[in-house]
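Read through the structure below, which is laid out as structure tokens, and then see the notes.
2 protein chains.
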Amino acid sequence: MGHREFKDALYAEFARIGKAVASPHRLEFLDLLAQREWNVEELAGETQLTVANASQHLQILRAAKLVSVRRDGNYAYYRLADDRAYRLWQAIRELGEVRLAEIDRIVRAFLGNRDELEPIDALTLLGRIQDEDLVVLDVRPIPEYQAGHLPGARSIPVGELEARLGELRPDQEIVAYCRGPYCVYADEAVELLTARGYLARRFSHGFPDWQVAGLPVEREGIS
Amino acid sequence: MGHREFKDALYAEFARIGKAVASPHRLEFLDLLAQREWNVEELAGETQLTVANASQHLQILRAAKLVSVRRDGNYAYYRLADDRAYRLWQAIRELGEVRLAEIDRIVRAFLGNRDELEPIDALTLLGRIQDEDLVVLDVRPIPEYQAGHLPGARSIPVGELEARLGELRPDQEIVAYCRGPYCVYADEAVELLTARGYLARRFSHGFPDWQVAGLPVEREGIS
DNA sequence: CAAGCACTCTAGTATTCAATTGATTACTTG
DNA sequence: CAAGTAATCAATTGAATACTAGAGTGCTTG
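So the protein sequences, as listed, match chains A and B.
Note that my numbering has the first sequence beginning at 1, numbered continuously upward.
Note that my numbering has the second sequence beginning at 224, numbered continuously upward.
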């Protein structure tokens, strides 16, 4: 084997990982799988793909060792293989921030200007997480909250927030978070809360970023 | 714009970055561009692609904002856009290590068992880099050494090493490094040096990893 | 300003990939 | 063990991508 054949074989192997993240649907899968484990039907429903198509994308992610699967009866539960897989998605996201032109245009077209929401970063939030006058609010769907959440966070999925406003004290500051920096749930929650007179901000990132940074997490139990 | 259209547009944008790293040749380009800036002909020669083909791959990397270009007369000099681009390649490489089965098989088929070469990590090397009885040896091609190297490193490209053994003192320990963990130059150097009775090891990573970790680097000048 | 050079673009072809459809497998439960 | 369900596989279609060859662009130099 010559130098060239060696390099070709090596880079071809790495490119299998690259190919795995070359599809929009597979990137969305990674973002979802970072929240909790999902079975194929759930993922297909969440992303509006057919089950067969979702399954095939999952095979590709699995072949690249980005996700792993656990079988339980009829169900196949997929999850991220490890932190490295999430770091790859993080690296792509961070590069996306450079592409401000396109991505910011897309985000703003949907959300308006997010800077007004005064995002709070992880370390600042960590420092204040025990404060009595601060409520950390997990606005993701309940299964994702159950699979892991910020310490002391309360769960109110964004769709139920309006109906459950009574559970929140107007004298407390609220920090909402969701799946990640490009997830809109927390933005929608902050917008609603602010309109109703609450002092609300969003955590700049999401639960998986918090977790992969090695910060403390809580599991189980609805508050 | 509905939730789904928003997400589709967003992930499609991120997938452009994923697609850019879905090709073996483009990954090799990233590895090379992390060493120094190259013009199109040089890259095409190094990777044995046609100039037109290399140019097209570079356009794709540029569109994904992974590389930037500087024009000087007839020449177009390409370089990595920033550290984030290298971190993406790092993330892919680290995931590759999980795929031990295939990649290790490829590496071993070419290099034999590398564990015998006793790699030294960055922090250990940093601690000993001033030692009188330690020589840090950059075995990459000279232009890459000139574009930046470890502090105090001496440049002997691996192809010239055998002829220039007289420049090395047998009583000094030698740490060789090259482009990165999957570059073979340092392995070949260590193999040659060990066979000739020198005490030689390889740095576990490469110059770009050292640099992106924020460790000190030197530029210019051949020693 | 003509010739040479580095690079890029355009077309054309071969290949690979994505999504759909329908069939099949693997497991569970009555 | 038959029926039902979740997931996967196989085959097909159309779209996207990779590579080549040749033309074209823009800069430099005699």
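All residues carry an ideal CB built from backbone N, CA and C; glycine is no exception.
The beta-carbon of residue 231(B) is placed less than 8 Å from the nearest beta-carbon of chain A. Proximity of chain A to residue 311(B) at the Cβ level (cut-off 9 Å) is accounted for by 88, 91, 92, 94, 95, in chain order. Pairing residue 147(A) with residue 36(A) gives a Cβ-Cβ distance under 8 Å.
Listed as beta-bridge partners of residue 152(A) by DSSP are no residues whatsoever.
The beta-carbon separation of residue 401(B) and residue 429(B), rounded to 6 Å, stays under the 8 Å limit for a contact. In the displayed model, residue 415(B) falls within a helix according to three-state DSSP.
Under DSSP, residue 401(B) takes part in a beta bridge, and its partners are 429(B). In the DSSP secondary-structure assignment, residue 74(A) is not bridged to any residue. Taking 3 residues as the shortest admissible run, the segment 304-366 of chain B contains the following complete beta strand (DSSP E) segments, listed from N- to C-terminal end: 357-361.
Residue pairing by DSSP puts residue 39(A) in a beta bridge opposite 77(A).
Of the residues assessed, residue 18(A) falls on the buried side of the cut-off, its CB having 16 or more other CB atoms within 10 angstroms. Between residue 314(B) and residue 289(B), the C-beta spacing is not below 8 Å. For the 8 Å CB-CB criterion, residue 77(A) and residue 87(A) do not form a contact. Under the DSSP assignment, residue 158(A) falls outside any alpha helix (DSSP H); it carries neither an H nor an E label.
Residue 327(B) and residue 441(B) have their C-alpha atoms roughly 32 Å apart. Residues of chain B whose Cβ lies closer than 8 Å to the Cβ of residue 23(A) are, in chain order, 238, 241.
Using a Cβ-Cβ cut-off of 8 Å, residue 418(B) does not count as an interface residue toward chain A, since no Cβ of chain A sits closer than that to its own. Following the DSSP letters along the chain, one finds residue 275(B) inside the alpha helix (DSSP H) bounded by residues 274-286. Only residues of its own chain outside the window of five on either side were considered, and among them 425, 427 have a CB closer than 6 Å to the CB of residue 342(B), listed in chain order.
One thing to note: residue 357(B) has its Cβ within 8 Å of the Cβ of residue 396(B). Residue 320(B) has its alpha-carbon roughly 29 Å from the corresponding atom of residue 75(A).
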